[in-house]
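Trainee: According to this note's numbering, the stretch in the sequence shown is residues 39 to 459, in order.
C-beta atoms are modelled at their ideal positions from N, C-alpha and C, and glycine is treated no differently.
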Amino acid sequence: MPQLSPARRALAISALALGGFAIGSTEFVAMGLLPNIAQALLPAQYAADPDAGIAHAGWLVSAYALGVVVGAPTIAAMSARFPRKGLLLVLLIGFVVATVASAVLPSFGLVFLARFVAGLPHGAYFGIASIVAGDIMGAGKRGRGIAMVMLGLSIANVVGVPAITWIGQNAGWRVAYGVVAVLFVATFLAVAAFVPRSARDESASIGRELRAFRVPQVWLVMGLGAVGFGGFFAVYSYISPLVTNVTGLPEGAVPLVLVVVGLGMVVGGVLGGHLADHSVKRTIYIGMFALIGALVFLVLTAQWTVGVFVGAFLLGATSSAIPPAVQSRLMDMAGDARTIAAALNHSAFNIGNSLGAALGGAVIAAGFGFRAPGWLGIVLALLGVLMTAVSYGVERRSTQRAAVRSRQPSTGPITAPVPTV
Numbered sequence: 039m040p041q042l043s044p045a046r047r048a049l050a051i052s053a054l055a056l057g058g059f060a061i062g063s064t065e066f067v068a069m070g071l072l073p074n075i076a077q078a079l080l081p082a083q084y085a086a087d088p089d090a091g092i093a094h095a096g097w098l099v100s101a102y103a104l105g106v107v108v109g110a111p112t113i114a115a116m117s118a119r120f121p122r123k124g125l126l127l128v129l130l131i132g133f134v135v136a137t138v139a140s141a142v143l144p145s146f147g148l149v150f151l152a153r154f155v156a157g158l159p160h161g162a163y164f165g166i167a168s169i170v171a172g173d174i175m176g177a178g179k180r181g182r183g184i185a186m187v188m189l190g191l192s193i194a195n196v197v198g199v200p201a202i203t204w205i206g207q208n209a210g211w212r213v214a215y216g217v218v219a220v221l222f223v224a225t226f227l228a229v230a231a232f233v234p235r236s237a238r239d240e241s242a243s244i245g246r247e248l249r250a251f252r253v254p255q256v257w258l259v260m261g262l263g264a265v266g267f268g269g270f271f272a273v274y275s276y277i278s279p280l281v282t283n284v285t286g287l288p289e290g291a292v293p294l295v296l297v298v299v300g301l302g303m304v305v306g307g308v309l310g311g312h313l314a315d316h317s318v319k320r321t322i323y324i325g326m327f328a329l330i331g332a333l334v335f336l337v338l339t340a341q342w343t344v345g346v347f348v349g350a351f352l353l354g355a356t357s358s359a360i361p362p363a364v365q366s367r368l369m370d371m372a373g374d375a376r377t378i379a380a381a382l383n384h385s386a387f388n389i390g391n392s393l394g395a396a397l398g399g400a401v402i403a404a405g406f407g408f409r410a411p412g413w414l415g416i417v418l419a420l421l422g423v424l425m426t427a428v429s430y431g432v433e434r435r436s437t438q439r440a441a442v443r444s445r446q447p448s449t450g451p452i453t454a455p456v457p458t459v
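Here it is in structure tokens:
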């Protein structure tokens, strides 16, 4: 990749982060518009039972998450030899088409399919954009490059999702998706203008990328992402009833709490990127224990207004400080298959999204109350710490065995010296 001036580097990173902003908007905006979507696409069910209609409309969120899980490794492996800038532009075209389809298709089934398709490029975009950002930032700054790309996702939760949700509530949910499509068009133009071209990797192949699945450490780190972050999503998915039923605040306070979570994510993402450049291992451990502390604080203080706002900020900050380090470790453990490794990070997080939301809903349905997802989140985060310890323990033993083998004397045949005349 060519050397860039500081101004061009900033523009390139901003273009990639704008993609994260657009993706965050398209991923989360549906959550605030489910009643509107249900009323429009499922009118009979919504009229008979609004709660059932809204729950049915929630399948659109699951469709997107499923698209991420399927698309991240598939697209990353199949496109390993493509020039990265060109591939980013193709993925952004996919986002535009699928988002426009989400806005205009007439039936729930077709919109469901469009949301699945919209999720397919998600993980591949973040994975490839993270690699490009790391290359742009240069040696020793990869974590900061990854964090800057993911910062767009955090900022979307502060600005994009609330603003586009307001637009959807007042102008219609289809208009909201139209705004998201415009964001993707803007990202396409910015990436085309400012992200430098890089040479294609001629040695890359589908087989090389898929070899990442044969590395046990890749599965362990993915497990950390899925299980550990299931703890965050167990709480985040049900933050609204926690605020209204436990804290006792009106519904109008929920967006404010979500904005505070988003602000925490911005702060945590920047801090996590810097920490990851110093030590990936320490960042993961410190981040996971900090996440557990934030969950404990939120559960114990959620009955107070100050407690729920401070807890929401801590939850956002600790959860977003860890992903740059997890992604860096995945890329290190996968060796040459770093394209698919970077994308798998987002598959793992979306598995955690589904896992946390499902288990959180189960404990609420079992009658344990709206604090219960917080306690469940603590258990899942502790399992994430355990998986981290197992991952580094396996790595340490492998390193020790390799060192022992290197010190052992050769056991090859001993040959007598050839006499000289």
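#1: Between Val229 and Leu130, is the Cβ-Cβ spacing less than 8 Å?
#2: Identify whether Gly290 lies in helix, strand or coil by the three-state DSSP scheme.
#3: Below 8 Å between beta carbons: does that hold for Trp211 and Leu71?
#4: How about the stretch 382 to 399 and the stretch 265 to 285: do they share at least three Cβ pairs that are nearer than 8 Å?
#5: In or out: Ala136 buried (at least 16 other Cβ within 10 Å) or exposed?
#6: Alpha carbon to alpha carbon, what distance is there between Pro293 and Ala114?
#7: Taking the alpha helix (DSSP H) that Asn208 belongs to, which residues open and close that run?
#8: Using a Cβ-Cβ cutoff of less than 7 Å, which residues in the same chain neighbour Gln365 once the five nearest sequence positions on both sides are dropped?
#9: Is the CB-CB distance between Gly190 and Gly354 below 8 Å?
#10: From the DSSP output, in three-state form, read off Pro144 for me.
#11: In whole angstroms, give me the CA-to-CA distance for Ser52 and Gly407.
#12: Give the DSSP-derived three-state secondary structure of Trp97 in the structure shown.
#13: Apart from the five residues on each side of it in sequence, which residues of its chain come closer than 7 Å, Cβ to Cβ, to Val305?
#14: What is the rounded straight-line gap between the Cα of Gly132 and the Cα of Tyr102?
#15: Quick one: what's got a C-beta closer than 6 Å to Leu309's C-beta in the same chain, skipping five residues either side?
#16: Based on Cα-Cα distance, which residue from Trp204, His316 and Trp257 lies nearest to Arg182?
#17: What's the C-alpha gap between Val233 and Met186?
#18: Whole angstroms is fine: what's the gap from Ser436's alpha carbon to Ala68's?
#19: Between the stretch 410 to 430 and the stretch 266 to 273, are three or more C-beta pairs nearer than 8 Å?
#20: Helix, strand or coil: how does DSSP classify Val233 here?
#21: Between the alpha carbons of Thr225 and Ala55, how many angstroms are there, rounded?
#22: Which of the three DSSP states, helix, strand or coil, is assigned to Leu42?
#23: Judging by CA-CA distance, which residue of Leu333, Trp257, Gln207 and Ala60 is the nearest neighbour of Ser357?
#24: What is the residue span of the alpha helix (DSSP H) that Leu248 lies within?
#25: What would DSSP say about Ser168, mapped onto helix, strand or coil?
#26: Have a look at Met369, Thr285, Ala48 and Lys123 and flag the residue whose alpha-carbon is nearest the alpha-carbon of Leu336.
#27: For Arg367, I'd like the list of residues in its chain whose CB is within less than 6 Å of its CB, leaving aside the five on either flank, ordered along the chain.
#28: Looking only at C-alpha atoms, which of Leu313, Ser385 and Thr203 sits nearest to Val297?
#29: Measuring straight from C-alpha to C-alpha, what distance separates Ala264 and Leu393?
#30: What's the C-alpha gap between Gly124 and Val134?
#31: Determine the burial state of Ser63: buried for a count of at least 16 other Cβ atoms within 10 Å of its Cβ, exposed for fewer.
#32: Can you give me the start and stop residues for the alpha helix (DSSP H) that Thr426 sits inside?
#33: So what's Leu80 in DSSP terms, helix, strand or just coil?
#34: Report the option in Arg409, Gly325 and Asn388 whose CA atom is closest to the CA atom of Leu158.
#35: Using only the alpha-carbon positions, how far apart do Met425 and Leu301 sit?
#36: Identify which residue in Ser385, Leu221, Leu49 and Met116 has its Cα closest to the Cα of Met175.
Mentor: This is what the structure gives:
#1: Yes, the Cβ-Cβ distance between Val229 and Leu130 is below 8 Å.
#2: In the structure shown, Gly290 adopts helical secondary structure according to DSSP, grouped into three states.
#3: In this structure, Trp211 places its C-beta atom within 8 Å of the C-beta atom of Leu71.
#4: Yes: the two stretches touch, three or more of their Cβ pairs being nearer than 8 Å.
#5: When all chains shown are included, Ala136 counts as buried.
#6: Roughly 35 Å separates the two Cα atoms.
#7: Here the alpha helix (DSSP H) through Asn208 covers Val199 to Ala209.
#8: Hits under 7 Å: Ser168, Ile184, Ala380 and Asn383.
#9: Contact flag unset, no.
#10: Residue state, collapsed to three classes: coil.
#11: Rounded to the nearest angstrom, the two C-alpha atoms are 42 Å apart.
#12: It is helical.
#13: The residues are Ala355.
#14: Approximately 14 Å between the Cα atoms of the pair.
#15: Listed in chain order, the non-local C-beta contacts of Leu309 below 6 Å within the same chain comprise Ala359, local neighbours out to five positions each way being set aside.
#16: Of Trp204, His316 and Trp257, the smallest CA-CA separation from Arg182 is found for His316.
#17: Straight-line spacing of the CA atoms in Val233 and Met186 works out to 14 Å.
#18: Near 45 Å, if we compare the C-alpha coordinates of Ala68 and Ser436.
#19: Yes: the two stretches touch, three or more of their Cβ pairs being nearer than 8 Å.
#20: Val233 falls in the coil class under three-state DSSP.
#21: Cα to Cα, the separation comes out at about 9 Å.
#22: Note: Leu42 maps to coil in three-state DSSP.
#23: Measuring from the Cα of Ser357, the nearest candidate turns out to be Leu333.
#24: Start and end: Ile244 to Leu248.
#25: In the three-state reduction of the DSSP assignment, Ser168 falls in the helix class, which pools H, G and I.
#26: Of Met369, Thr285, Ala48 and Lys123, the residue nearest in Cα terms is Thr285.
#27: Non-local C-beta neighbours of Arg367 in its own chain, meaning closer than 6 Å and more than five positions away in sequence, comprise Val259 and Val318, ordered along the chain.
#28: When C-alpha distances from Val297 are compared across Leu313, Ser385 and Thr203, the shortest belongs to Thr203.
#29: Distance from the CA of Ala264 to the CA of Leu393, rounded to the nearest whole angstrom, comes to 8 Å.
#30: When rounded, the distance between both Cα atoms is 16 Å.
#31: By the 16-neighbour rule on beta-carbons within 10 angstroms, Ser63 is buried.
#32: It spans Ala410 to Arg445 - the alpha helix (DSSP H) in which Thr426 sits, taken as one unbroken run.
#33: DSSP places Leu80 outside both helix and strand once states are collapsed to three, so it counts as coil.
#34: Here the closest residue by C-alpha is Asn388.
#35: The alpha-carbon atoms of Met425 and Leu301 are separated by roughly 28 Å.
#36: Among Ser385, Leu221, Leu49 and Met116, the Cα nearest to that of Met175 is on Leu49.
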